[in-house]
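> What follows is a single structure, and I will ask about it in a moment.
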Amino acid sequence: LALNTGVPFRNAFRVINFVPVVISWAIVAIIWKILFHHQGLINQVLVAFGIDRIAWLQSTSAAPWAVIIPSIWKELGFYTVIFLAGLQTIPRIFYEAARIDGAGTLQAFRFITLPLLRPILFFATIIAVIEGVKVFIPQFVMTGGGPSGATKVIAVSIYETAFAFGRMGRAAAMSVLLFAIVLALTLMQNLVYGRDRS
Amino acid sequence: VIRPQQPGASPRAQRPFLRRLREHPLLLVALLLQSALVLLPLVYMLSTSFKLPVEVFEVPMRWIPRELRIENYVEPLQQRPFVRWFINSTIVAVSVTILNLSRRSWRATASRSSPIRAATSCSASSWRPSSSRSRPSSCRCSSWCAISAGSTPTRA
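Chains W and P, in that order, give the protein sequences.
Position one of the first sequence corresponds to residue 3 (this note's numbering), numbered consecutively onward.
Position one of the second sequence corresponds to residue 1406 (this note's numbering), numbered consecutively onward.
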């Protein structure tokens, strides 16, 4: 929403937000692995604020966050573009009419922006869920699925089953299950979205 | 009939810079902070690319290395088949782009002759807000588009 206002340097902010999207996942995972190192920049910032160092990649409680944060950092720009495209298709005349009727910013957001962005929200949610379920590279590069399986996702597990244990049949079956899960999630979202709209 | 606004035609975008600055000071600060957070890992990567291995995890961290190690850039180019890897990546990128675009243009062409294909080819536009949804130029059958998009048929 902020990037759709008349804020100065708007285009520069849009470009900056999109930069991580064009970087390869392997490079992103390496950058963040160095950042989350015990003596890396993030722990140095924590120490500067008087907080103890966190074993980001070795602790079972912190490791999931160590792979979630890079995912958000990388994917945010993509969804920003999707939402910006949606926001720009909403005719300004709706907001002008709402202002004349006495609606505030929050009311305009609640009754104009949000309903008209519903298809975009649906699309973004579907894509985000699919991407989230089939995520592989950050876990594989940063933690290898560890510690103690704390970041082992389905895709990493499939890879290990196939290429570390040589169980190709089982890995293929797991892949089919992964497809079924993604399909089920998408259909569920479609049902929820369709019911809301009707 | 409400027509969607043309991108970039916002009157707000054409206001003088200082006026826009006065209108959105907090938003500007918030976006500056957010952009700094987004750029930080990239600047860190750039800084690390000029460091010796022992300097990477130095405490406190140095943003500008004592000595810029240009060899980090020269060695991969000289000692590894970097050009070959780059050519491989280019082949993949060009092939994927051409095949994807040709598939899309085939679907757009096919949609002119079949309503079922039209519905399929129009589905990509279905995530635009329903209020501003208009008939895509490649789609000749509005009812099929509307069914594909999950809304009531629009009148041309």
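Think of the CB as a built atom: it goes at the ideal place given N, C-alpha and C, for glycine as much as any other residue.
Name the residues in the stretch 1443–1466 of chain P whose C-beta lies less than 9 Å from a C-beta of chain W; which are they?
Per Cβ criterion, the list reads Val1443, Leu1444, Leu1445, Pro1446, Leu1447, Tyr1449, Met1450, Thr1453, Val1461, Phe1462, Glu1463, Val1464, Pro1465 and Met1466.
> Quick check: Pro1446 of chain P and Ile33 of chain W, are their CB atoms within less than 8 Å of each other?
Along the second sequence, one-based indexing puts residue 1446 of chain P at 41. Along the first sequence, one-based indexing puts residue 33 of chain W at 31. A contact, by the Cβ cut-off of 8 Å.
> So Phe1422 of chain P contacts chain W; which residues on that side make the cut at Cβ distance below 7 Å?
Locating residue 1422 of chain P in the second sequence gives position 17, counting from the first residue. Here the neighbours are Pro10.
> If I measure Cβ to Cβ from Phe20 of chain W and keep anything under 6 Å in the same chain, skipping five residues before and after, which residues do I get?
For the purposes of this step, residue 20 of chain W is taken as residue 18 along the first sequence, with counting starting at 1. Answer for Phe20 of chain W: Gly79, listed in chain order.
> Between Lys136 of chain W and Leu185 of chain W, which are expected to be in contact by the criterion C-beta below 8 Å, what is the C-beta distance as a whole number of angstroms?
Working through the first sequence from its first residue, we reach residue 136 of chain W at position 134. Working through the first sequence from its first residue, we reach residue 185 of chain W at position 183. Wrong, their Cβ atoms sit about 12 Å apart, outside the cutoff.
> Along the chain, where does the alpha helix (DSSP H) containing Glu98 of chain W start, and where does it finish?
Translated into the one-based positions of the first sequence, residue 98 of chain W becomes position 96. Note, Glu98 of chain W: alpha helix (DSSP H), Arg94 to Ile102.
> Tell me, please, whether the stretch 87–106 of chain W touches the stretch 167–180 of chain W by the rule of three or more beta-carbon pairs shorter than 8 Å.
In short, these stretches do not touch, since the Cβ pair count stays below three.
> With DSSP collapsed to three states, give me the class of Ala1511 of chain P.
As a first step, residue 1511 of chain P is located in the second sequence; it is residue number 106 there, counting from the start. Before going further, note that residue 1511 of chain P is Trp rather than Ala in the sequence given. In this structure, Trp1511 of chain P counts as helix in the three-state DSSP scheme.
> What residue ranges within the stretch 1423–1458 of chain P form continuous alpha helix (DSSP H) runs of no fewer than 4 residues, ordered along the chain?
Entirely contained in the stretch 1423–1458 of chain P, the alpha helix (DSSP H) runs reaching 4 residues are, in chain order, 1430–1453.
> Sort P:Val1434, P:Met1466 and P:Glu1480 by Cα distance to Val49 of chain W and report the nearest one.
Counted from its first residue, the first sequence places residue 49 of chain W at position 47. The candidate whose alpha carbon is nearest that of Val49 of chain W is P:Met1466.
> Could you check whether the stretch 119–135 of chain W touches the stretch 42–58 of chain W, counting it as contact only if at least three pairs of C-beta atoms, one from each stretch, sit closer than 8 Å?
Output reads no: the stretch 42–58 of chain W does not touch the stretch 119–135 of chain W.
> For Leu3 of chain W, which three-state DSSP category applies?
The residue you call residue 3 of chain W lines up with position 1 of the first sequence. Note: Leu3 of chain W maps to coil in three-state DSSP.
> Roughly how many angstroms lie between the CA atoms of Ser1536 of chain P and Arg112 of chain W, to the nearest whole one?
Within the second sequence, numbered from 1, the residue matching residue 1536 of chain P stands at position 131. Within the first sequence, numbered from 1, the residue matching residue 112 of chain W stands at position 110. Here the model assigns Ser1536 of chain P a pLDDT of 45, short of 50, so the residue's position is not dependable, and the following value carries that caveat. Each residue's alpha carbon lies about 16 Å from the other.
> For the candidate residues W:Ser150, W:Leu5 and W:Ala152, whose alpha-carbon lies nearest to that of Leu89 of chain W?
On the first sequence, residue 89 of chain W is found 87 positions in, with the first residue counted as 1. The shortest C-alpha separation from Leu89 of chain W is found at W:Leu5.
> Exposed or buried, which one is Ala1524 of chain P when buried takes at least 16 other CB atoms within 10 Å?
The residue labelled residue 1524 of chain P in the question sits at position 119 within the second sequence. Bear in mind that the predicted position of Ala1524 of chain P carries a pLDDT of just 48, short of 50, making it unreliable; the figure below should be weighed with that in mind. Ala1524 of chain P comes out buried.
> Any residues in the stretch 1497–1516 of chain P with a beta carbon nearer than 9 Å to a beta carbon of chain W? Which ones, in chain order?
Cβ contacts with chain W come from no residue of the stretch 1497–1516 of chain P.
> Is Pro22 of chain W near the ligand MG, judged by its Cβ being under 7 Å from some heavy atom?
Of the ligands one can find in the structure shown there are none, so the ligand MG has no counterpart to examine.
> Taking Ile36 of chain W and Thr1495 of chain P to be in contact with their CB atoms under 8 Å, please state how far apart those CB atoms are, rounded to whole angstroms.
In the first sequence, residue 36 of chain W corresponds to position 34, counting from 1. In the second sequence, residue 1495 of chain P corresponds to position 90, counting from 1. That pair is no contact at about 28 Å.
> Can you list, in chain order, the residues of its chain whose CB lies under 8 Å from that of Pro149 of chain W, leaving out five sequence neighbours each side?
Against the first sequence, residue 149 of chain W aligns to sequence position 147. The answer, listed in chain order, is Leu59, Gln60, Ser61, Thr62 and Ala65.
> Can you pull out the residues from the stretch 15–41 of chain W whose beta carbon lies closer than 9 Å to at least one beta carbon of chain P?
The stretch 15–41 of chain W vs chain P, Cβ under 9 Å: Phe15, Ile18, Asn19, Val21, Pro22, Ile25, Ile29, Val30, Ile32, Ile33, Trp34, Ile36, Leu37, His39, His40 and Gln41.
> Would you call the CB atoms of Ile114 of chain W and Ala126 of chain W closer than 8 Å?
Here residue 114 of chain W corresponds to residue number 112 of the first sequence, with the count starting at 1. Here residue 126 of chain W corresponds to residue number 124 of the first sequence, with the count starting at 1. Result no, Cβ atoms of Ile114 of chain W and Ala126 of chain W do not sit closer than 8 Å.
> Can you check whether the CB of Val69 of chain W is closer than 8 Å to the CB of Pro22 of chain W?
In the first sequence, counting from the first residue as 1, residue 22 of chain W sits at position 20. In the first sequence, counting from the first residue as 1, residue 69 of chain W sits at position 67. No.
> Put Gln46 of chain W into one of helix, strand or coil per three-state DSSP.
On the first sequence, residue 46 of chain W is found 44 positions in, with the first residue counted as 1. The answer is helix: DSSP assigns Gln46 of chain W an H, G or I state.
> Taking the alpha carbon of Ile1475 of chain P as the reference point, which residue from P:Ile1503, P:Val1501, P:Arg1512 and P:Leu1451 has its own alpha carbon closest?
Within the second sequence, residue 1475 of chain P is the residue found at index 70, counting from 1. It is P:Leu1451.
> Looking only at its chain, what residues have a beta carbon closer than 7 Å to the beta carbon of Ile183 of chain W, apart from the 5 residues adjacent to it on each side?
The count along the first sequence starts at 1 and reaches residue 183 of chain W at position 181. These residues qualify, in order along the chain: Val135.
> Name the chain W residues that come within less than 9 Å of Leu1438 of chain P, Cβ to Cβ?
The residue you call residue 1438 of chain P lines up with position 33 of the second sequence. The premise fails here: Leu1438 of chain P is roughly 11 Å from chain W at the closest Cβ pair, so nothing lies under 9 Å.
> In terms of alpha-carbon separation, which member of W:Ala87, W:Thr153, W:Met176 and W:Pro121 lies closest to Gln191 of chain W?
Stepping through the first sequence from its first residue, residue 191 of chain W is reached at position 189. The shortest Cα separation from Gln191 of chain W among W:Ala87, W:Thr153, W:Met176 and W:Pro121 belongs to W:Pro121.
> Beta-carbon of Ala64 of chain W versus every beta-carbon of chain P: anything under 8 Å?
In the first sequence, residue 64 of chain W corresponds to position 62, counting from 1. No - not a single Cβ of chain P is within 8 Å of the one on Ala64 of chain W.
> Taking Leu89 of chain W as part of the alpha helix (DSSP H), name the residues at either end of that continuous run.
Along the first sequence, one-based indexing puts residue 89 of chain W at 87. Its alpha helix (DSSP H) spans residues Ala65 to Gln90.
> Should Thr7 of chain W be flagged as near chain P, meaning a C-beta pair shorter than 8 Å?
Translated into positions along the first sequence, residue 7 of chain W becomes position 5. Chain P, which has a Cβ nearer than 8 Å to the Cβ of Thr7 of chain W, makes this yes.
> Do Ser1440 of chain P and Ile18 of chain W have their C-beta atoms closer together than 8 Å?
Counting from one through the second sequence, the residue named residue 1440 of chain P turns up at place 35. Counting from one through the first sequence, the residue named residue 18 of chain W turns up at place 16. For Ser1440 of chain P and Ile18 of chain W, yes; Cβs fall inside 8 Å.
> Roughly how many angstroms lie between the CA atoms of Phe1491 of chain P and Ser26 of chain W, to the nearest whole one?
Locating residue 1491 of chain P in the second sequence gives position 86, where the first residue counts as 1. Locating residue 26 of chain W in the first sequence gives position 24, where the first residue counts as 1. About 14 Å.
> If you compare alpha carbons, which of W:Phe38, W:Phe51, W:Thr82 and W:Ile160 is closest to Arg12 of chain W?
By 1-based counting over the first sequence, the position of residue 12 of chain W is 10. Checking every option, the nearest Cα to that of Arg12 of chain W belongs to W:Thr82.
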